[in-house]
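Chains as they are written, first to last, in my numbering: chain A, 1 to 255; chain B, 1001 to 1068.
Just below is one structure, and these are the notes that go with it.
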Amino acid sequence: MSIVFQRPHALIDKPLHYCPGCTHGIIHRLVAEVLDELGIEGTTVGVASVGCTYNSYEYFNCDMVQAAHGRAPAVATGIRRSLPDRTVFTYQGDGDLAAIGTAEIVHAATRGEKITTIFVNNAIYGMTSGQMAPTTLIGQVTTTTPFGRKPELHGYPVRVCEMLSTLEGAVYVERVAVNNVQNIRKAKAAIKRAFQVQQAGLGFSIVEVLSICPTNWGLSPEKALEWLGENMIEHYPLGNYKNVVLPSDKPASKE
Amino acid sequence: MAKVTFRIERCKGCRLCLTVCPKKIIAIDESTLNAKGYHPAGVTEPEKCIGCAFCATMCPDCVITVER
Ligand SMILES: Cc1ncc(C[n+]2csc(CCOP(=O)(O)OP(=O)(O)O)c2C)c(N)n1
Ligand code: SF4
Ligand code: SF4
Ligand code: SF4
Ligand SMILES: [Mg+2]
Chain A
1 MSIVFQRPHA LIDKPLHYCP GCTHGIIHRL VAEVLDELGI EGTTVGVASV
51 GCTYNSYEYF NCDMVQAAHG RAPAVATGIR RSLPDRTVFT YQGDGDLAAI
101 GTAEIVHAAT RGEKITTIFV NNAIYGMTSG QMAPTTLIGQ VTTTTPFGRK
151 PELHGYPVRV CEMLSTLEGA VYVERVAVNN VQNIRKAKAA IKRAFQVQQA
201 GLGFSIVEVL SICPTNWGLS PEKALEWLGE NMIEHYPLGN YKNVVLPSDK
251 PASKE
Chain B
1001 MAKVTFRIER CKGCRLCLTV CPKKIIAIDE STLNAKGYHP AGVTEPEKCI
1051 GCAFCATMCP DCVITVER
């Protein structure tokens, strides 16, 4: 017998501080698996943001920095431009990226910065105990929308992939989810491709990952996964929003 | 032949591995508490495991190692 599944090397062997069932843990592991597979742990710099994953620098075995709230794309820009041989990624929540950091992400994308953003959309501010995020669904109850999000009062949920895919500098844009095994595999493939797009110097790449926050959604992890599948995907359709040809892509067959 | 190993001191009892096991052989051990205070998950009928690694893929805390 040989080992077919174990902790990736790029994920440091220590307990994660996340709540039971929080899928930030799965997404961390996928990023680390990709760093292992591409053999780039030693040449990658990650930029942690502000949110539950503020101290993800404790968990990734590559070099890490932590940025002020919403500013991870600016920090990543500086690192990637001054150290062009490195692979640079940001790991940002929806509060971080789509609220206080909206300007940063839009301009990093439109400048075509050669960075990769892992955007974890759990439709809530997890760290600060469950306030409405720009991505909170219509009708969703949060501590600041106790009667559910109402468009006339709170506006509409922001679709980040759709928005960023209109920008020329954003060359790879994909939305995935981690609500079941099949989707987790697709999520990993998307994260890997996003890093490869950066390595090929083609422009800005982003993977939006639909994720759960059982604690602030007030659901068990199991029920939270169901809620994601039944409600989030309808508003945030999965799939590729923008793609680019990689040197490693097999040429399309003639048949 | 397949074998799953649960590192129970890292388990948070979230039950996500239970939901995806096609053989339904994972259960929470209510008689045990780990140092963190969680009832950990474990395999009830190890001989039925097919080594698909669905449980490990779903586990947010890297508790599970799979051999095949
Ligand atoms: C300048 C500034 N404003 C506000 C905050 C408070 N704050 C901390 S985390 C956060 C939102 C986090 O939500 P998200 O990015 O979705 O991450 P999650 O915890 O959900 O993964 C806010 C508003 C802060 N730390 N700094
Ligand atoms: S508050 Fe939500 S996002 Fe934060 S660790 Fe807990 S479950 Fe995860
Ligand atoms: S490897 Fe597959 S069959 Fe074995 S315990 Fe895990 S999910 Fe169940
Ligand atoms: S998914 Fe992981 S942490 Fe959750 S119960 Fe199973 S082994 Fe424990
Ligand atoms: Mg969030």
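We put the beta carbon where it would ideally sit given N, CA and C, even for glycine.
- Listed along chain A are V181, each with a C-beta nearer than 7 Å to that of F1054 (chain B).
- Residue contact check for G218 (chain A) against chain B: no CB pair falls below 8 Å.
- With a threshold of 8 Å between beta carbons, F5 (chain A) makes contact with chain B.
- In this structure, DSSP gives K223 (chain A) a helical state, which the three-state scheme calls helix.
- Closer than 8 Å at the C-beta level to chain B, one finds these residues of the segment 23 to 46 of chain A: T23, H24, G25, I26, R29.
- Going by C-alpha positions, L167 (chain A) is about 28 Å away from H24 (chain A).
- Considering only beta carbons, the part of the segment 219 to 233 of chain A lying closer than 8 Å to chain B consists of S220, P221, E222, L225, in chain order.
- In the DSSP assignment, V88 (chain A) falls within the unbroken beta strand (DSSP E) covering 87 to 93.
- Residue burial is scored here from C-beta neighbours: R149 (chain A) has at least 16 other C-beta atoms within 10 angstroms and is therefore classed as buried.
- By the beta-carbon neighbour count (other beta carbons within 10 angstroms, threshold 16), A72 (chain A) is buried.
- I191 (chain A) and Q198 (chain A) have their C-alpha atoms some 11 Å from each other.
- By the criterion of a C-beta distance shorter than 6 Å, R1010 (chain B) is surrounded in its chain by D1061, V1063, once the five residues flanking it on both sides are discounted.
- The nearest non-hydrogen atom of ligand 1 is less than 7 Å from the C-beta of D96 (chain A).
- Between K242 (chain A) and V171 (chain A), the gap from beta carbon to beta carbon is short of 8 Å.
- About 6 Å separates the CB atoms of R1015 (chain B) and E222 (chain A); that is less than 8 Å, so the two are in contact.
- Going by DSSP, G25 (chain A) is part of the alpha helix (DSSP H) stretching over 24 to 38.
- At a cut-off of 8 Å between beta-carbon atoms, S2 (chain A) makes contact with chain B.
- According to the DSSP assignment, L210 (chain A) belongs to the beta strand (DSSP E) that extends over 204 to 210.
- Annotation: Cβ neighbours of L16 (chain A) in chain B (cutoff 8 Å, chain order): P1060, D1061.
- CA-CA distance, V1043 (chain B) to A1027 (chain B), rounds to 6 Å.
- T1019 (chain B) reaches chain A at E222, L225, counting residues in chain order whose Cβ is nearer than 8 Å.
- In this structure I27 (chain A) is buried. Its beta-carbon is surrounded by 16 or more other beta-carbon atoms within 10 angstroms.
- Annotation note: the segment 112 to 174 of chain A contains the following uninterrupted beta strand (DSSP E) runs of length 3 or greater, listed N- to C-terminal: 116 to 121.
- Within the chosen limit of 7 Å, ligand 4 does not reach the beta carbon of P1046 (chain B) with any heavy atom.
- Proximity of the beta carbon of F195 (chain A) to ligand 3 is not indicated: no heavy atom of the ligand is located closer than 7 Å.
- Taking 8 Å as the cut-off, the beta carbon of F204 (chain A) is found no closer than this to the beta carbon of A48 (chain A).
- Taking 7 Å as the cut-off, the C-beta of I184 (chain A) does not count as close to any heavy atom of ligand 3.
- By the neighbour-count criterion, in which 16 or more other beta carbons inside 10 Å mark a residue as buried, N55 (chain A) falls on the exposed side.
- Cβ contact annotation for T116 (chain A) (same chain, cutoff 6 Å, sequence separation greater than five): F89, A194, F195, Q198, S205, in chain order.
- Remark: the shortest separation between the CB of V120 (chain A) and any heavy atom of ligand 1 falls under 7 Å.
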